[in-house]
């Protein structure tokens, strides 16, 4: 269950957002993993989430995480999130099957 603290999108009227889902993507330019929000939630897709790389490099690109965030909206720049309490960032249990496939290759199928 998502408990976002926003009124409506794209108007950001709140500062903190709880349970934001993000995907780990490898940024070739920066040569490190980064998080970006995914589609299907009450925040726009593809917003960057600032987080130290060491918290998300344990798992491969494509892994979905659930993060509590704070909105940073600097004048003249695109809004982005900062992970609150980045030490507690975890893979999203709601995406357990998907994360297993990412970690084992997409031709991996769960046994029933």
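Residue numbers (this note's numbering): 4 to 115.
Using N, Cα and C, we set each Cβ at its ideal position, and we do this for glycine too.
Item, Value
"Stretch-stretch touch, CB-based, cutoff 8 Å, three pairs: the stretch 52–61 with the stretch 98–105", "no"
"Enclosing alpha helix (DSSP H) for residue 105 [first to last residue]", "99–107"
"Beta carbon of residue 28 nearer than 8 Å to that of residue 68", "no"
"Span of the beta strand (DSSP E) around residue 85", "83–86"
"Nearest residue (CA-CA) to residue 84, options 76, 26 and 91", "76"
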